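**Student:**
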Amino acid sequence: MKRAAMLVGVLVVSALVCAAQTPPAAKPGAAPQTATTPAAPTQGKRPPQAKTQPEFDAYKAAIANVNDAAAMEKSCDDFAAKFPESELRVLLYRAAMNSAQNANNADLMLKMGNKVLALDADDPEALVGVAQVLEERTQDTDIDKDQRYDQATKYAQHSLETIDTDITIPPGTPQEKVDGYKAYLRSTAYAIIGALQYKREKFADAEVSLRKSIDAFPAQPDPVAVLRLALALDKQDKYPEALKEANHAVELTKEGTTVGKAARDEQARLTQLVPGAQAPATAQPPAAPKK
C-alpha cells in the first residue's frame with residue numbers, strides 16, 4: 305500500500321489526543337467536572353466524547369493494542385459490544401484500519417475501514433483507505449472488477465468532498481500539520497482515481513488526475529503516481545513528457561525495488577524514443593513496461 309506507513313503515526317496519535325483531551329461526561333446528579341475542558345477545534349468535526357468514566361477507561365485499554373493489528377481488531381469489537389452507542393467506536397475502528405495498513409494487512413484494513421464507514425459515511429480517512437485497497441487488490445480476472453472499481457472511484461471522489469469538513473482535528477494541532485495531512489489525503493485520493501482511470505485505459509483522464517495527485521502534495525510525491533503518469537503519457541505517445549516523469553520516478557525510487565525497476569525500465573524505453581535523449585549511465589537494456 306503506497307505511502308502506507310508515512311502518516312499512520314499521525315492518525316493514531318490523533319485518535320489518542322482527540323479522546324484523551326475530551327473528559328467523560330459527568331453522571332446524572334454528580335458534581336460538575338473540575339477539569340478544564342479544552343477549547344473546541346477551530347475546524348473539522350467535534351472530537352468524539354465518552355459519556356462515562358468506564359467507557360473512557362475501556363477506550364484507553366483498547367487503543368493500547370494499536371501496534372498489534374489482530375489484537376486491535378478484537379479490542380475494537382469487544383469495546384463496541386460493551387458500548388454499542390459509544391462515539392469512540394469510530395476512533396477505535398479508524399485506528400484499527402491504520403494499524404492494519406501499517407501491518408500491510410489489506411483484508412483487515414478493508415474490514416476495519418468499512419466498519420468506520422458504517423458509523424460515518426463521510427469519514428475521509430476511511431474513504432481513502434477503503435478505496436485504496438479496492439484499487440490495489442482488484443484483479444482483472446475478478447468477476448466483480450467493474451463494481452469494485454466503481455466503488456473505489458466513488459469513495460475517492462467523496463473523500464475529496466469531505467477532507468475539509470469531516471476530519472477530526474485535535475485541539476491545538478499546528479495548522480501546518482493539518483494542511484500537510486489534508487494534502488496527503490488529497491494526493492492519495494487523486495492517485496487512486498488516476499490509477500483506476502489508467503486501468504480502464506482512459507489515459508488522458510488518468511494524466512489529469514495523476515498530475516493533481518502530484519501537485520496536491522509536491523513535498524512528498526508518490527513515486528507510483530509519478531511512474532503511472534509517465535506510463536499514461538507514454539500511452540498517448542507523449543514521449544518527451546513521459547521521459548521527464550520517468551526520470552522523476554527514477555529519482556524518487558531505489559534501484560532493485562519493484563517500483564524502482566519499473567521506473568528504470570520505462571526510462572530506458574523512452575530514452576530510445578525521444579530524439580536527442582541521452583541514456584542514463586545506469587540504464588538497463590530497454591524493455592517494454594507492464595501496463
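Residue numbering for the sequence shown follows the working numbering, starting at 305 and increasing by one per position. From the three backbone atoms N, C-alpha and C, an ideal C-beta is built for every residue, glycine too. No experiment lies behind these values; they were computed from the predicted model shown.
Any contact between the region 507 to 523 and the region 450 to 457? By contact I mean 3 or more CB pairs, one from each, below 8 Å.
**Tutor:** With the cut-off at 8 Å, the region 507 to 523 and the region 450 to 457 do not touch.
**Student:** For the region 506 to 570, list the alpha helix (DSSP H) runs that are entirely contained and at least 4 residues long, ordered along the chain.
**Tutor:** Those alpha helix (DSSP H) runs which fall completely within the region 506 to 570 and span 4+ residues are 507 to 520, 527 to 539 and 543 to 556.
**Student:** Three-state secondary structure (DSSP) at T472?
**Tutor:** If DSSP states are grouped into helix, strand and coil, T472 belongs with the strands.
**Student:** Does the pairing of the region 453 to 468 with the region 391 to 411 give three or more beta-carbon distances under 8 Å?
**Tutor:** No, the region 453 to 468 does not touch the region 391 to 411.
**Student:** Please determine, among E505, P544, A567 and Q501, the residue with the shortest C-alpha to C-alpha distance to A526.
**Tutor:** According to the sequence displayed, residue 526 carries Asp and not Ala. For D526, the nearest C-alpha among the options comes from A567.
**Student:** Flag this pair as touching only if the region 541 to 553 and the region 563 to 583 have three or more C-beta atom pairs under 8 Å; answer yes or no.
**Tutor:** Result yes; three or more Cβ-Cβ pairs closer than 8 Å.
**Student:** For a quick check, are the C-beta atoms of I467 and L438 less than 8 Å apart?
**Tutor:** No, the pair does not count as a contact, with Cβ atoms beyond the cut-off.
**Student:** Secondary structure at A581, three-state DSSP: helix, strand or coil?
**Tutor:** In the structure shown, A581 sits in coil (DSSP, three-state: anything other than H, G, I, E or B).
**Student:** Among the residues of its own chain, which have a CB less than 7 Å from the CB of A581, if the five just before and after it don't count?
**Tutor:** Counting only Cβ-Cβ distances below 7 Å, and skipping sequence neighbours, we find L547 and T575.
**Student:** Inspect the beta-carbon positions of L537 and I518 and report whether they are closer than 8 Å.
**Tutor:** Cβ distance not < 8 Å, so L537 and I518 don't count as in contact.
**Student:** Would T445 and P351 qualify as a contact pair, given that the criterion is a beta-carbon distance under 8 Å?
**Tutor:** No, they are not a contact pair.
**Student:** With a 10 Å radius around its C-beta and 16 neighbouring C-beta atoms as the bar for buried, classify P428 as buried or exposed.
**Tutor:** Its Cβ being crowded by 16 or more others within 10 Å, P428 is buried.
**Student:** When you compare each of I497, E389 and A400 to K458 by their alpha carbons, which one comes out closest?
**Tutor:** Checked all of I497, E389 and A400; the closest Cα to K458 is I497.
**Student:** How would you call P336, buried or exposed, if buried means at least 16 neighbouring beta carbons within 10 angstroms?
**Tutor:** The pLDDT assigned to P336 is 35, lower than 50, so where the model puts this residue is not dependable, and the model offers no usable value.
**Student:** In three-state terms, what does DSSP make of T340?
**Tutor:** Unreliable positioning characterises T340 in this predicted model, as indicated by a pLDDT of 33, which lies under 50. The coordinate reading is nonetheless provided below. Reduced to three states, the DSSP call for T340 is coil.
**Student:** Have a look at the DSSP bridge pairing and note the partners of K349.
**Tutor:** For K349, which the question treats as bridged, DSSP gives the partners T472.
**Student:** Taking a contact to mean a Cβ-Cβ separation below 8 Å, would you say H462 touches L431 in this structure?
**Tutor:** Their beta carbons are under 8 Å apart, which means H462 touches L431 by this criterion.
**Student:** S390 to N406, Cα distance in whole Å?
**Tutor:** Their Cα atoms are separated by approximately 26 Å.
**Student:** Closest to V578 by CA distance: which of Y543, V563 and A487 is it?
**Tutor:** With distances taken between Cα atoms, V578 lies closest to Y543.
**Student:** Report yes if the C-beta distance between V394 and V370 is below 8 Å; otherwise report no.
**Tutor:** No, the Cβ-Cβ distance between V394 and V370 is not below 8 Å.
**Student:** Can you tell me whether R573 is helix, strand or coil according to DSSP?
**Tutor:** R573 falls in the helix class under three-state DSSP.
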